Structure formats: structure tokens, C-alpha cells
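There are 2 protein chains.
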Amino acid sequence: MVSYADYFARNRDAHLSELKEWLSIPSVSAESAHKEDVRRAAEWLAESLKRAGLEHVEIHPTAGHPIVYADYLHAPGKPTVLIYGHYDVQPVDPLHLWQSPPFEPEIRDNKLYARGATDDKGQLFLHVKALEAMLREEGTLPVNVKFCVEGEEEIASEHLHPFLEANRDKLAADAVLISDTELLAPGRPAICTGLRGLCSLELTVRTASTDLHSGTYGGGVPNALHALVSLLDSLHDSEGRVAVEGFYDGVPELTEEMRAEFAKKGIDEEKLRQSLELDALFGEAGYTFAERVGARPTLEINGMYGGFQGEGTKTVIPCEAHAKITCRLVGTQDPQDILDKIERHLCSHAPAGAKVTVAQREKGRPYTIDTAHPLLRQAADAYEAVYGARPVFTRDGGSIPIVEAFSRLLSAPVVLMGFGLPTENLHAPNEHFHLENFDKGLMTIVDFLRRF
Amino acid sequence: MVSYADYFARNRDAHLSELKEWLSIPSVSAESAHKEDVRRAAEWLAESLKRAGLEHVEIHPTAGHPIVYADYLHAPGKPTVLIYGHYDVQPVDPLHLWQSPPFEPEIRDNKLYARGATDDKGQLFLHVKALEAMLREEGTLPVNVKFCVEGEEEIASEHLHPFLEANRDKLAADAVLISDTELLAPGRPAICTGLRGLCSLELTVRTASTDLHSGTYGGGVPNALHALVSLLDSLHDSEGRVAVEGFYDGVPELTEEMRAEFAKKGIDEEKLRQSLELDALFGEAGYTFAERVGARPTLEINGMYGGFQGEGTKTVIPCEAHAKITCRLVGTQDPQDILDKIERHLCSHAPAGAKVTVAQREKGRPYTIDTAHPLLRQAADAYEAVYGARPVFTRDGGSIPIVEAFSRLLSAPVVLMGFGLPTENLHAPNEHFHLENFDKGLMTIVDFLRRF
Chain W
1 MVSYADYFAR NRDAHLSELK EWLSIPSVSA ESAHKEDVRR AAEWLAESLK
51 RAGLEHVEIH PTAGHPIVYA DYLHAPGKPT VLIYGHYDVQ PVDPLHLWQS
101 PPFEPEIRDN KLYARGATDD KGQLFLHVKA LEAMLREEGT LPVNVKFCVE
151 GEEEIASEHL HPFLEANRDK LAADAVLISD TELLAPGRPA ICTGLRGLCS
201 LELTVRTAST DLHSGTYGGG VPNALHALVS LLDSLHDSEG RVAVEGFYDG
251 VPELTEEMRA EFAKKGIDEE KLRQSLELDA LFGEAGYTFA ERVGARPTLE
301 INGMYGGFQG EGTKTVIPCE AHAKITCRLV GTQDPQDILD KIERHLCSHA
351 PAGAKVTVAQ REKGRPYTID TAHPLLRQAA DAYEAVYGAR PVFTRDGGSI
401 PIVEAFSRLL SAPVVLMGFG LPTENLHAPN EHFHLENFDK GLMTIVDFLR
451 RF
Chain U
1 MVSYADYFAR NRDAHLSELK EWLSIPSVSA ESAHKEDVRR AAEWLAESLK
51 RAGLEHVEIH PTAGHPIVYA DYLHAPGKPT VLIYGHYDVQ PVDPLHLWQS
101 PPFEPEIRDN KLYARGATDD KGQLFLHVKA LEAMLREEGT LPVNVKFCVE
151 GEEEIASEHL HPFLEANRDK LAADAVLISD TELLAPGRPA ICTGLRGLCS
201 LELTVRTAST DLHSGTYGGG VPNALHALVS LLDSLHDSEG RVAVEGFYDG
251 VPELTEEMRA EFAKKGIDEE KLRQSLELDA LFGEAGYTFA ERVGARPTLE
301 INGMYGGFQG EGTKTVIPCE AHAKITCRLV GTQDPQDILD KIERHLCSHA
351 PAGAKVTVAQ REKGRPYTID TAHPLLRQAA DAYEAVYGAR PVFTRDGGSI
401 PIVEAFSRLL SAPVVLMGFG LPTENLHAPN EHFHLENFDK GLMTIVDFLR
451 RF
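In the order they appear, the protein sequences are chains W and U. Quick note on numbering: the first sequence equals residues 1 to 452 in our numbering. Quick note on numbering: the second sequence equals residues 1 to 452 in our numbering.
See below:
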């Protein structure tokens, strides 16, 4: 049998150089100024898939960012695996908190630092290189493989959804394989069996037709910032529960069995608190951290601005204020229904003199897979063979909005085989990828595909 | 007798060209990038004073922006008038709302548009040109005159205060004359007899040591924006009253006489509401708009920011949030005491997991002058002679923090002889100065100085 360990060791420097090249392309899907960079990242991936030996490599334009397809269908009678990932990345601000520039990848202490290093270019790259290795060393693959990689995961996969609907036959598969989740901790693998849904909105509050002098008008007119903080503060009660009417409809209560499963993650809340340099954790009363994040819905303000933000003082009464809000959803919470409820709440709580506008954005449903599925056992065996530890079945608090759609539209189980770590600052400054999991990830993927 | 009306008509174009030149210098005192521009604006003024015939023109450097001094002391036995003003201006954002660039002065519909047009370069310029006119036409002045003009009025006059203390003899005067206030409306002059004090602070809320992913952590950790909105919302009750303990100590209750004086302003609240395009005015219950602005203290959020402000969505839990707050003070409210009370309130209301930092900034006391003072009658006579209408004695809601200091340190009455209008967008986009009051202002100042 081929020693893939040797192969990957021999090619490690070349692989990392290649990945760094990809990570240098600032494919920030949320910012239109980066549209061209996103396209370049797609082209880079397509070339990389071709070099790996994949066939029918195609870049599908969409009204947004393109989708990259490729396949290798030379294992008749064997199952077909569809590998999904995304080549777009989150915005980078606040830029001044990065120790090295986000698009100048740098290895420090066996960690690769760059925006996208772990979410998701780094993890997707493992699949490209695992398949390339098998094709080079054995000349063939043990299964049929398809790639479907998008550039809009960080902005809610708007165009992937219709693409899936329109290409069910082309994408048909027996399983979907995704690496965009996390181990529990170094050396402690995990398979994610549930993801929260996601919905988002932008809130604008307007008062007068112009900013006003706080001397001439102060005390006699509404202030858009006062109205905004009053509205936003009304969204939670003092115990951290969302105060929007009907928000918790469809949220399943935790069973004792689920609580036991969450407890297995063995999160030390005091250590977690210290590692985040927090005075205190905070969340819904009656739940542990793991339960709050894994099984409870949230409403978070992600950004907020209005009035004077420069140096010094400006004695102004701002006439406009803005907030960005996202919710994580669980159970049968429906994103459209939740957005409508929040919008109703905001409009009905508008203070005197404040005009409220709500723009609804993303809408992604929650997803779960039965922990008894045979594919999950095979994935667990592969992890165990490489890591020497049996993975835990977890529910991650994150959202990969398209997972539920893949599962529903292709009628296929989705295996979430992640190699990130919870401490890798995804969506934050100094995102990085531990190279130990780069090495083990390659081996685990090869092992998993051979078990099919 | 000399016809100053003819003189000013003859020189109008030249005067406006000169003023436009001064207004083109972006002397934004709050922004360090404009430090050099602020200095250029001081030099421009010094040259203008020299050309007008003033003597001993000096630019006094300070640790901040310079102070311009000049005098003309050739009226032995006559009183001395100290003219104060400021050549610095407010920041210009939001820039996109300006119809013409803020530092490219433009006359439209007999109004001069530019940052600083009315606050305060335009109004101060009237004094320079009024004195120049008298010196050219009569060769002398009916009183002794001193100029003391600063570049830090919009940032709380930090260095003027010690300058006044150190130069009491040099600045000694029988009256201080300032044009930095407003008429009631076109053709309806007013003399301001009271100004609110001003104090300011910046609030920072921090939670974790870094921004966190709202999937991985959402629901289990504090969010700096949630903490900020909760803190800011706690500063007012739902009736618009400031909810900080002891805030209203030292605020005099309105007498029936004062209420009658405010009613004289004849503010039509419905018209005001419409002109500001507001759904509703808003303020403390039990007071009219004029009373709220003229005689009641305020606490306003002037700016606020945190988290993601770019295009699209970013699923982040921000670890840092900021707000800028100013208060307008009345009666015997002491700025230091008020800032301490707010700081105590904010620190004691900090939600779980939120670290609160308060930076205290400006501190200026309220000011009032007795409406029976003989100088006010002379000023009223001058207005009446030019405008054909007797001015009303008003209390403006604004603050000129140095007025109280001038009055106290020089033991001199301060006459606030303003030529602005409440609709001139000071501190906001599209600031402008009605040229009708440019013309009448020149005449009123000449008339007033001749009555001394």
C-alpha cells in the first residue's frame, strides 16, 4: 500500500506555497470592491483542480460570484461523493488588530495566518490535495467525485441555491462531504451533526431631515441615536433572552439525552472565560455554554453606527443611525418568519419622532443529521485511524446555510468533516489554521474516501 | 455724516471675495490632520486685521491652535471693547450631504454656503470690516478696541482659558462683544442673555479580547454592542428625562416671568416640526420647545460606533463599542460634577462581562447676563436703527464656553450680538450665512460702536 504519509511529507512545502498563493487573493465576497478578486480566486481554484487531475472543470458565472464545478467519474458501481466548500472569505476589519496583513499569509509557530486560512480555503484545499495525491500515486480514485465550490458562502449563498435546483442531475451524489467545521480541541476530533440557521437584517432609524446643532435644538427634538439604542435594547430582556414576541416558537426544549451529549464536549467554562479575557460569560439562564451555542437561537447586533465618529467632539444631534443584526436559528424556526417578527417588533417599538426602516437579508434554515447514519461511523473510523481518538458527535453553533439545501435537494446525507479549531479566530483578526490539522486532514480525507 | 451704507455697498464684492478666501481654509480644529490649515486661517486673519488698520497684531502660539490678538487704542477717556470670535470650524461629515463642497464657498440665493460661513468666520469678519470702514472713512474709532480670536472654540477653548488668566491686563476691557449667536428669524433681531454650559465624555465598552464568530460563540458570550445599547438606553427615561442620579441638581425651575419671555419668541412648534421633516418633536414633558432648549439641561449621544459597518453582513460578536456624549448645562450645574455623576452611572450600570471606560473631555459653565444692563439697551438701539425692529432678549440653547470665563476673569459684561439664523445648518451639512444679515450686521456694529 502506498504511504501517503511519505507523499504528503515530501510535498508539504509545495502544498503550503500553493495555499499561500490562494490565500493572498482577497476574495471578500461582501465587498463589491473585491468582485474581481473573488473571480481570480475562483480561477485559481479551477486551475488547481485541473492540475490535480480533476475533469470537466467549469467556472459557472452567476449574477453574483461564480461557482466552480469539477468531477472525476471513473469508478463505475462505486458511490459518488460531492465535495462542497467556499473560496470566499469574511471582511478583514478591524485591520489594525492583525499582527500580519490578512492577505500576506505567514507561518508562525506551525500556524498559517491569513484571512481564509481555516474558513474555508485552507480546509477545502485539503480535498484538492488529497485527491491529487491518490490520482498521482494510484492513478485512480476509489469513488466518483464531484466538486461544487461557491464564492458566496459568507453572504448567504444567494446564487448557489438556484444553481442546485437547476442542476440536481449534474450534482447528484450519494453523499455530500464538507470541511468547514471544527475539532473540539487539538487532538480531539469531532463530527458536526447539527448547524444553526441564519437570518439577517439591517435597521435604519431616521429623525429630522438633517443633523442638528445640539445647542440650538438639544432637548427639543428626537435624536436618531437615542431612538436606535432604545430599539436595540428592547430586543433582549435583562436575562439575555430575546424579547421579540414568538421568537422561541419552534425551538425544541433540550432532552436529558441531548444535555448529556453536550456535556461530553467537556467545556471548562472558567477556562473558556479566561481564554477570551472576559470578566464573565453571558447567555440565557438555565443553559450551559455548549447548550447555548449548540441548541439555542440568538439575536446578535453585529455592527452599529451613527453620528460623529471622528477625533474629538462634535455637538450634533444625528438624524440617522444604523444597525446590522443576525440571528442563529434552531429546530423548526423559519428564517422568514423570524425576520418578519423582528421587523414587527422594531416598527411597533419606534420611539416618538423616529422613522424605522428594516431591510431583510439572508435566510438559511437549521440542519441536523441522525447520529446513527453509517457514513458518520465511517468518517469516525477515518478520524480515529489518523488522530488515534474517536470523534465526538457535536452540534456546532455556526451556520452553513447551504447544508440544509444540499441535503434536501440532493436527498443525500451531508458529512461535516471539519479540521479547524475553535480558537482559530475565524471571522476575526488573526485568523489562522493549525498545520498539525493540515497534515492530519489530508490523511483523514484519503482514509475516509478509501473506506467508502 | 459718513454714509456707511454707500461704503459697504461699494465694497461688497471685495468683502465677499475676501471672506470666501478665508472660508476656503479648512480650519477644522477637532482633526489633527488640519492643524496646519488652522494655523493658516489664523495667519489669514492676522493679515486681514493689519490691512484693516489694527495695530499690535500678534499670533500667540499655544500647545494647541494659536490665538490672534490685535488692538487700536487711540480713544483716550473712551471705553474699551474687546471683540472675541473664533476662526476654527466644525468637522464636515457627512460630506456626501453637502450640495457644494464645504471649503469651496458658493453664493446661492443671496446665501453664502461654506463650513464656517455663519459659525463663526462670517460673523467675526463683520467686525473686521466694520472697523476697517470706520478707520478708512473717519480716520479713527469712537472707542478703544481689542481683538482676541481663538482657534479652539469648537473643541472647548482649552488654551484660551489659561491665556485669559495670564493676560488679564492686556485684555482688560469695559465690555466684551461677540457675534456668534442668532436672530430669531429674518428681520427679527435678538440679543442672547444666557448660554448653556457644555461638558463631554467618550465611553468605551470592551468585552472579549477579540471579536468572536457569532456561530461559534453566539448566545454564550457578552456582545459589546448589546452592553453599549443597554448602558446608553439607561441614560434617559421613556419621557425624555435624563435618568442619571442628581443630574437635575442646580437646575432652576422656570418662573412665570421666564415662561412669558420664552413665549415671546413666538415659536410655532408645528411649523418647526414640519421644517425639520420630523414626525414629532420630542423632549422633557411639561416644557415648550423654547423652554426645553433655552432653560433645561440635556444629555445627547453625538456619535456611536462598533462592529461591522461595511457593506453586507458580517457574523461577528464585536468586542469593542464606542459612544460620544455631550451635555448642555444650566443654572448652577457644574460640568465636573455632572461628568462624575454620569461616569458613576455608566460604571454602576455595566452589564455582566462588559468593561466600561469613560474619558472626560470638555467642561464649560453656563452663563447669564441681567437683561436690564445699559449696554444691552444700546445694543438693542443699534439693532432697531438698522433692522427697524426692537430685538428680543433670548436665551440660546448653545454654549460658548468661554463667555462665562470672559465675564468672570475680565469682570466685564459680555454682549452677544448675533447675526446668524437658526436655519443656517451650523454644525451640519450645507452651513450658510444669509447675506442680508451680512449687510445689516456691518451697519449694526458700526452703529453700536458709535453709541458707546
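Backbone N, C-alpha and C define an ideal beta-carbon position, used for all residues, glycine too. All of these numbers come straight from a predicted model, not from anything done at the bench.
Excluding five sequence neighbours on each side, which residues of the same chain lie with their C-beta closer than 8 Å to the C-beta of residue i?
| i | result |
| --- | --- |
| residue 21(U) | 44 |
| residue 410(W) | 82, 164, 168, 171, 172, 173, 176 |
Thinking C-alpha only, which one of the options is nearest residue i?
| i | options | result |
| --- | --- | --- |
| residue 12(U) | 129(U), 84(U), 313(U) | 129(U) |
| residue 96(U) | 282(W), 210(W), 296(W), 437(W) | 210(W) |
| residue 298(U) | 241(U), 354(U), 231(U) | 241(U) |
| residue 396(U) | 182(U), 419(U), 339(U) | 182(U) |
| residue 446(W) | 68(W), 432(W), 378(W), 258(W) | 378(W) |
| residue 145(W) | 82(W), 309(W), 119(W) | 82(W) |
| residue 15(U) | 133(U), 114(U), 326(U) | 133(U) |
| residue 98(U) | 88(U), 114(U), 86(U) | 114(U) |
| residue 54(W) | 127(W), 66(W), 320(W), 259(W) | 127(W) |
| residue 421(U) | 364(U), 344(U), 123(U), 371(U) | 123(U) |
| residue 48(U) | 149(U), 347(U), 222(U) | 149(U) |
| residue 158(W) | 375(W), 398(W), 64(W) | 64(W) |
| residue 342(U) | 222(U), 361(U), 331(U), 107(U) | 361(U) |
| residue 373(W) | 84(W), 416(W), 384(W), 318(W) | 416(W) |
| residue 9(W) | 439(W), 448(W), 450(W) | 439(W) |
| residue 184(U) | 272(U), 366(U), 405(U), 244(U) | 272(U) |
Residue i by DSSP, collapsed to three states: which one?
| i | result |
| --- | --- |
| residue 347(W) | helix |
| residue 25(W) | coil |
| residue 70(W) | strand |
| residue 163(U) | helix |
| residue 445(U) | helix |
| residue 48(U) | helix |
| residue 284(U) | coil |
| residue 236(W) | strand |
Please report whether the beta-carbon of residue i lies at a distance below 9 Å from any beta-carbon of chain W.
| i | result |
| --- | --- |
| residue 429(U) | yes |
| residue 74(U) | no |
| residue 301(U) | yes |
| residue 278(U) | yes |
| residue 2(U) | no |
| residue 282(U) | yes |
| residue 107(U) | no |
| residue 188(U) | no |
| residue 369(U) | no |
| residue 397(U) | yes |
| residue 91(U) | yes |
| residue 289(U) | yes |
| residue 94(U) | yes |
| residue 292(U) | yes |
| residue 179(U) | no |
Between residue i and the rest of its own chain, which residues show a CB-CB distance below 6 Å, the 5 nearest in sequence each way excluded?
| i | result |
| --- | --- |
| residue 407(U) | 414 |
| residue 324(U) | 202, 302, 303 |
| residue 454(W) | Residue 454(W) lies beyond the stretch modelled for chain W, which goes from 1 to 452, so this question has no answer here. |
Less than 9 Å between CB atoms is the rule here; does residue i satisfy it with respect to chain U?
| i | result |
| --- | --- |
| residue 35(W) | no |
| residue 122(W) | no |
| residue 252(W) | no |
| residue 182(W) | yes |
| residue 297(W) | yes |
May I ask whether a heavy atom of the ligand PLP can be found less than 8 Å away from the beta carbon of residue i?
| i | result |
| --- | --- |
| residue 406(U) | Judged by which ligands are present, the structure shown has none, so any question about the ligand PLP falls away. |
What are the residues of the stretch 303-324 of chain U that lie near chain W, defined by any Cβ-Cβ distance shorter than 9 Å? Within the stretch 303-324 of chain U, the residues whose Cβ lies closer than 9 Å to some Cβ of chain W are 303, 304, 305, 306, 307, 308, 309, 310, 311, 312, 313, 314, 315, 316, 317, 318, 319, 320, 321, 322, 323, 324, listed in chain order.
Below 7 Å between beta carbons is the criterion; list the residues of the stretch 220-236 of chain U that meet it against any residue of chain W, in chain order. So the list reads 220, 221, 222, 223, 225, 226, 229, 230, 232, 233, 236, given in the order they occur along the chain.
Closer than 7 Å, Cβ to any Cβ of chain W: which residues of the stretch 57-89 of chain U, in chain order? Within the stretch 57-89 of chain U, no residue has a Cβ that lies closer than 7 Å to any Cβ of chain W.
To be precise: take each residue of the stretch 400-424 of chain U, compare its Cβ to all Cβ atoms of chain W, and keep it if any distance is under 8 Å. Which residues remain? Hits within the stretch, in order: 422.
Check each residue of the stretch 13-42 of chain W: if its Cβ is closer than 7 Å to any Cβ of chain U, include it; give the result in chain order. Against chain U - using a Cβ distance shorter than 7 Å - the residues of the stretch 13-42 of chain W are 30, 31, 32.
Of the residues that make up the stretch 124-136 of chain W, which ones have a beta carbon closer than 7 Å to any beta carbon in chain U? Contact residues of the stretch 124-136 of chain W toward chain U are absent (C-beta to C-beta distance below 7 Å).
Taking a cut of 8 Å between CB atoms, which residues from the stretch 202-221 of chain U lie near chain W? Cβ contacts with chain W come from 207, 208, 209, 210, 211, 212, 213, 214, 215, 216, 217, 218, 219, 220, 221.
In the stretch 347-367 of chain W, which residues sit with their C-beta less than 7 Å from some C-beta in chain U, listed in chain order? Residues are counted here when their Cβ sits less than 7 Å from a Cβ of chain U; for the stretch 347-367 of chain W these are 352, 353, 355, 361, 362, given in chain order.
Could you please tell me which residues of the stretch 141-158 of chain W, in chain order, have their CB closer than 9 Å to any CB of chain U? Listed by position, the residues of the stretch 141-158 of chain W near chain U (Cβ gap below 9 Å) are 154, 155, 156.
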